[in-house]
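Working notes, structure below.
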Amino acid sequence: MHRRGFLASALTGACSVFAGCNLAESRTEHTDPTLQVNEGPSGEGPTGDTEMYLRFHDDGTRLATVGVDPYITSQPSTLDISISHRPDTRLQSLTQRVTAPVSDPDSEESPVELSPNSENPPRVPVSLSRDGTAAIVEVDQFGDLADETAFIPLTVTRWPEPSYSLAVESTVELVKTDSPDHTHVLTGSLEFNFTTPATGSGEGPSDTPT
């Protein structure tokens, strides 16, 4: 038997043993989204009015949009995630790394801690964990929301005081309903920069998104 023929036979045998194995499955990486920033009505609103969106396209048409909407006064208090996508696609999974970068080289980066928003809990099962100083947000089953826009409201339960930046790295997997063996992998990152309020001013901070 030729070696190539043997390898093909071995792979076919492996697929018969492991459920879900599909040699035709393929993946397309999307790593260059466009950025949209929505601020307050005047364009100069407080940090709490700033939302950022990563817009992904496929062959010139919109594929999906991943939004991050933190509410920040002196520090982030809530973090709302949204994923909208084309009607002919289904959400497969979401993974996010949320960190609080520090600009002072003498300061150590500390972990961020998140929890589901108790007043407006997510409608999908969310797994929250830590990887070093990063808070990890994972959704691996969207259920009935796979065909809809997904909203994931989170609460920031711990924020490191020395940090005035919020960074969110997102990876989303979705499939087209007519091509379930083809996965689109969307990756991108957002960073919000903010300042503390002036002492005694009684006013909220300003925000300079990047």
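Residue numbers for the sequence shown follow my numbering, so the first one is 84 and each next one is one higher.
Ideal placement from N, C-alpha and C gives every residue a C-beta, glycine not left out.
Check, Outcome
"Tell me, please, whether the region 192-203 touches the region 262-282 by the rule of three or more beta-carbon pairs shorter than 8 Å.", "no"
"What first and last residue would you give for the beta strand (DSSP E) that runs through P199?", "196-199"
"Bridge partners of A183, per DSSP?", "In the DSSP output, where bridge partners are listed per residue, A183 has none listed."
"What first and last residue would you give for the beta strand (DSSP E) that runs through P205?", "Element bounds for P205: n/a, residue is neither H nor E."
"My parser needs the beta strand (DSSP E) runs of 3 or more residues fully inside the region 200-284; what are they?", "210-214, 217-222, 233-241, 248-259, 262-276"
"Please report the residue range of the beta strand (DSSP E) in which R138 lies.", "134-141"
"Span of the beta strand (DSSP E) holding D163?", "159-168"
"For T148, does the three-state DSSP call read helix, strand or coil?", "strand"
"For V255, which of F225, L249, T238 has the nearest alpha-carbon?", "F225"
"Between E192, T144, P170, which lies nearest to V258 when the distance is taken from Cα to Cα?", "P170"
"Does the count of Cβ pairs from the region 225-236 and the region 154-163 closer than 8 Å reach three?", "yes"
"With DSSP as the reference, label T172 as helix, strand or coil.", "strand"
"Which word fits F275, buried or exposed, when buried means at least 16 other C-beta atoms lie within 10 angstroms of its C-beta?", "buried"
"Identify whether P116 lies in helix, strand or coil by the three-state DSSP scheme.", "coil"
"Given this structure, state the Cα-to-Cα distance separating L273 from V195, to the nearest angstrom.", "16 Å"
"Out of T148, T117, S193, V151, point me to the one whose CA is closest to D214's CA.", "S193"
"According to the neighbour-count rule (16 or more other Cβ atoms, all chains shown, within 10 Å of its Cβ), is P208 buried or exposed?", "exposed"
"In this structure, does DSSP put T178 in helix, strand or coil?", "strand"
"Going by C-alpha distance, which of D261, T278, S253 is nearest L344?", "The requested residue 344 is not part of the displayed model; the chain covers only 84 to 293."
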